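**Q** One structure, as structure tokens, below. Some questions next.
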Amino acid sequence: MTHPVVDKTTRLSGRFSVANRFRKRCCGFGWEKSGRKVAFQRRRGGLATAATFSAAKSGCHLAKKHINVTDKVDSLQLPIDDFKFLQISDMLDGMLATYEHERTELACDPGKDLYGFLHKKSNLRDRAGLLKSDQRIAMRPSHLHYLKLLLLVALGGVTTTHVPLQDVPSSLKALPLDGHFSFQDVSAAARDFGNLSSFPPVAVLHPGSVADIATTVRHVFLMGEHSTLTVAARGHGHSLYGQSQAAGGIVISMESLQSNRMRVHPGASPYVDASGGELWINVLHETLKYGLAPKSWTDYLHLTVGGTLSNAGVSGQTFRHGPQISNVNELEIVTGRGDIITCSPEQNSDLFHAALGGLGQFGIITRARIPLEPAPEMVRWIRVLYSDFTSFTADQEMLISAEKTFDYIEGFVIINRTGILNNWRSSFNPQDPVQASQFESDGKVLFCLEMTKNFNPNDADIMEQEVNTLLSKLTYIPPSLFHTDVTYIEFLDRVHSSEMKLRAKGMWEVPHPWLNIIIPRSRIHKFAREVFGKILKDSNNGPILLYPVNKSRWDNRTSAIIPDEEVFYLVAFLSSALGPHNIKHTLDLNNKIIEFSDKAGIGVKQYLPNYTREQEWQSHFGARWDTFQQRKKAYDPLTILAPGQRIFQKASASLPLPS
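What follows is the structure, encoded as structure tokens:
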């Protein structure tokens with residue numbers, strides 16, 4: 001089903017068929033729309049009812065004919081505005097009916113007036129009565145006639161389906177779902193990895209199907225622009241500042257979809273179809289059964305597919321393969337209208353590129369098709385140290401530009417850490433144990449270059465030669481060379497191993513006031529001189545990552561924002577904070593880093609951005625802000641989705657700010 005358009009005239013000219021995609025249980029009828037014609041036929045027992053809208057200069061006229069039955073037809077003239085026309089069109093596009101064996105036939109020309117009919121003895125009139133254009137409907141939805149009442153409201157000229165706030169739970173309970181809503185135990189949906197924000201929703205949806213998500217979003221859409229209800233998709237809950245929360249809204253637990261939607265397709269161009277709620281670690285386990293794996297990763301794999309693709313998904317493979325959003329063949333998305341749309345670079349390409357890195361603003365990713373490559377069995381994992389930032393960055397940039405290089409390249413900053421090499425001994429082997437034991441790191445700012453080389457056991461000798469050749473070109477401190485050989489999955493899941501240790505100490509579920517930024521290559525030295533050792537006196541609160549990537553590996557059609565220079569650096573301050581004072585201290589340091597960067601003209605862009613004002617978002621997107629706004633109007637015109645990002649605010653809602 002496709003309609004990447006915004007105006008009512010163009011929308012009616014789209015061609016699509018959705019009848020064959022509907023589940024029997026919830027799709028009593030379907031229709032096919034071509035040009036200005038929407039056709040459907042409704043059958044009930046031996047009685048068939050056909051209806052058509054015929055174009056007229058003054059609007060549309062609907063004529064109704066009963067087969068085998070002769071009855072008087074009532075007509076009603078109803079003025080509608082552009083928004084109402086769009087609402088009716090959307091209802092016809094995506095409405096999931098609950099009856100079996102129903103089809104209807106309609107042909108409509110966009111006009112300022114809509115002529116309709118409601119038969120005195122028709123089922124609709126019997127159930128709901130004839131509405132005048134100035135009347136609002138008061139109803140308690142049921143599985144049997146809920147959607148037909150919505151259509152009746154639209155034809156009656158009512159702008160919204162009015163559901164009082166106190167009746168929202170009952171209206172949600174009435175939706176025909178494969179899964180279910182939770183209304184009592186919603187506390188988990190008001191927490192995230194950042195542990196800095198808590199905004200409880202009114203309900204949590206545990207979807208049993210993608211149709212559940214579409215039905216829920218469409219229900220909120222049909223409440224209209226005056227409803228305060230919003231919807232947030234929540235993966236594994238690793239947002240930092242409440243981005244996956246929906247204050248007083250609906251949170252969708254995307255992990256409910258993960259179990260039965262993954263399919264690996266081996267062959268000449270292998271790929272995996274994975275649910276948007278699937279964890280990347282599960283994708284890895286499943287694809288390894290075929291000797292395959294995705295090309296691009298994040299450092300932490302216990303994140304959902306839809307979550308990372310809504311941001312970018314970066315790690316040490318990004319310099320070569322690009323971020324995860326550059327490694328997607330196809331997406332299935334539920335838009336802010338409740339439409340289920342399949343998109344790719346060739347089909348519905350605007351929505352495809354909008355959703356990738358789109359911060360959840362244009363739709364909920366329910367499925368992703370990820371290309372695969374042959375997976376190695378083993379990894380040579382290497383760390384070396386530098387005391388000079390210029391040498392450190394020069395070696396990094398040389399490695400990411402070389403044709404023959406390592407398979408993974410990252411770096412991190414170590415400020416005033418005691419016995420750093422001794423700490424490595426639990427996992428790594430020193431090249432020279434004696435010199436390593438004599439190395440002092442106290443009071444120093446050091447820079448670690450971390451690299452890996454993939455290999456299979458039969459090719460270990462070749463790997464050894466390649467690694468030695470590459471290391472011979474680097475200018476690291478000789479005593480600091482450490483390495484170890486681990487399985488491919490052990491390396492990729494390395495952060496989870498650290499997580500288990502921290503959980504055992506009660507140090508994982510603490511506040512994480514992280515700051516992730518992107519810096520142009522031309523400004524990285526100016527940034528480092530001021531921040532490392534001046535603004536930041538130590539790195540005891542958590543790792544500081546710093547490594548370069550190539551812009552040419554990023555697709556500039558996506559919504560992700562990066563600097564204009566060919567090489568830029570990803571810098572991440574991954575702090576953990578214990579106690580209110582430490583939280584405030586860390587947030588103050590983050591603000592100092594941003595303030596310095598702004599005043600010094602560093603050209604910083606935030607990754608996993610956290611802004612609270614529209615002008616900050618405008619500055620973040622720069623020249624692409626207008627495109628971002630236009631896409632929002634096209635795919636989520638009522639600003640229903642991802643309210644926790646605080647980019648757009650629903651007209652009738654007032655969003656809280658993170659504490």
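Numbering of the sequence shown is given in the UniProt record's numbering, commencing with residue 1 and proceeding in unit increments.
Each residue gets a CB set at the ideal place from its N, CA and C atoms; glycine is no exception.
Fair warning: this is a prediction, and the values are worked out from it, not measured in the lab.
On a Cα-Cα basis, can you pick out the residue from P270, M223 and R613 that is closest to G249?
**A** Taking only the C-alpha atoms, the option nearest G249 is M223.
**Q** Within 8 Å, do at least three Cβ pairs link the region 499 to 508 to the region 533 to 549?
**A** No: the two stretches stay apart, fewer than three of their Cβ pairs being nearer than 8 Å.
**Q** Counting only the same chain and skipping the five closest in sequence on each side, list residues whose C-beta sits under 7 Å from that of L309.
**A** Excluding positions up to five away in sequence, the list reads Q324, I325, V328, L356, I365 and A368.
**Q** Please determine if the region 588 to 603 and the region 513 to 529 are in contact, where contact requires at least 3 C-beta pairs separated by less than 8 Å.
**A** The region 588 to 603 is in contact with the region 513 to 529.
**Q** Suppose you measure from the CA of S209 to the CA of T216; what does that come to, to the nearest Å?
**A** Using only the alpha carbons, I get a separation of about 11 Å.
**Q** As a quick exercise: from Q465, F447 and K453, pick the residue whose alpha carbon is nearest that of I477.
**A** Comparing Cα positions, the closest option is F447.
**Q** Just checking my contact of G237 with D178 at CB under 8 Å: how many whole Å lie between their CB atoms?
**A** Incorrect: roughly 23 Å between the Cβ atoms, too far for contact.
**Q** When DSSP labels each residue in this structure, what does L421 get in the three-state scheme?
**A** L421: helix per DSSP, three-state reduction.
**Q** Would you list the one or two residues that DSSP bridges to T335?
**A** Note: T335 sits in a beta bridge opposite G363.
**Q** Rounded C-beta distance between V571 and L546? I'm assuming under 8 Å.
**A** Yes, they are in contact, since the Cβ atoms of V571 and L546 sit about 5 Å apart, within 8 Å.
**Q** So who's on the other strand from L545, going by DSSP bridges?
**A** BP columns for L545 point to F412 and A572.
**Q** State the Cα-Cα distance for the pair I489 and I594, rounded to the nearest angstrom.
**A** I489 and I594: Cα-Cα distance of roughly 36 Å.
**Q** Using the Cα positions of I524 and D395, report the straight-line distance between them to the nearest angstrom.
**A** Straight-line Cα distance between these residues: approximately 14 Å.
**Q** Starting from L385, trace the alpha helix (DSSP H) in both directions and tell me its first and last residue.
**A** Where L385 is concerned, there is no enclosing alpha helix (DSSP H), although the beta strand (DSSP E) it sits in stretches over M378 to Y386.
**Q** Going by DSSP in three states, Q465 sits in which element: helix, strand or coil?
**A** DSSP places Q465 in helix when its eight states are reduced to three.
**Q** If you count every other CB in all the chains shown that lies within 10 Å of the CB of Q645, and 16 or more means buried, which is it?
**A** It counts as buried.
**Q** Taking F455 as part of the beta strand (DSSP E), name the residues at either end of that continuous run.
**A** V445 to F455 is the extent of the beta strand (DSSP E) around F455.
**Q** Taking the alpha-carbon of P371 as reference, which of S401, R417, H321 and V379 has the nearest alpha-carbon?
**A** Looking at the Cα atoms, H321 is the closest of the given residues.
**Q** Return yes when at least one heavy atom of the ligand HEM lies under 7 Å from the C-beta of L536, else no.
**A** The ligand HEM is not part of this structure, which contains no ligands at all.
**Q** Answer with buried or exposed for R631, where buried requires no fewer than 16 other C-beta atoms within 10 angstroms of its C-beta.
**A** Counting Cβ neighbours within 10 Å, R631 comes out buried, since at least 16 surround it.
**Q** Can you name, in chain order, every residue of its own chain whose Cβ lies under 6 Å from the Cβ of P270, other than the five neighbours on each side?
**A** Same-chain partners within the cutoff: L292 and L372.
**Q** Output needed for Y408: all residues of its chain with C-beta closer than 6 Å, excluding positions within five of it in sequence on either side, in chain order.
**A** Result list for Y408: G316, Q317 and T452, in chain order.
**Q** Determine the direct distance from the alpha carbon of A232 to that of R553, and round the result to whole angstroms.
**A** Distance between the alpha carbons of R553 and A232 is about 30 Å.
**Q** Tell me whether the beta-carbon of T230 lies closer than 8 Å to the beta-carbon of K551.
**A** Their beta carbons are not under 8 Å apart, which means T230 does not touch K551 by this criterion.
**Q** In three-state DSSP terms, what is G644?
**A** Here G644 sits in helix by DSSP.
**Q** Report all residues from its chain with a CB closer than 7 Å to the CB of F428; omit the five preceding and five following residues, and keep chain order.
**A** So the qualifying residues of the chain are R383, F482, H483 and T484.
**Q** If we call anything under 8 Å between Cβ atoms a contact, is D636 one with Q361?
**A** The answer is yes: Cβ separation under 8 Å.
**Q** Within 10 Å of its beta-carbon, does E346 have 16 or more other beta-carbons around it, so buried, or fewer, so exposed?
**A** Classification for E346: exposed.
**Q** In whole angstroms, what is the alpha-carbon distance linking G419 and V531?
**A** In a straight line, the C-alpha of G419 is about 22 Å away from that of V531.
**Q** Using 8 Å as the threshold, is the C-beta distance between L351 and G338 below it?
**A** No.
**Q** Based on DSSP bridge pairs, tell me the residues matched to I341.
**A** In the DSSP output, where bridge partners are listed per residue, I341 has I333.
**Q** According to DSSP, simplified to helix, strand and coil, what is F532?
**A** F532: strand per DSSP, three-state reduction.
**Q** Below 8 Å between beta carbons: does that hold for F568 and I519?
**A** Result yes, Cβ atoms of F568 and I519 sit closer than 8 Å.
**Q** Could you work out which residue in A577, T558, F183 and E614 is closest to P543 when comparing CA atoms only?
**A** Closest option to P543, Cα to Cα, is A577.
**Q** What do you reckon, are the CB atoms on L279 and L492 nearer than 8 Å?
**A** Cβ atoms of L279 and L492: not closer than 8 Å.
**Q** Per the DSSP calculation, S577 is bridged to which residue(s)?
**A** For clarity, residue 577 is Ala in the given sequence; the question names Ser instead. None; A577 has no bridge partner.
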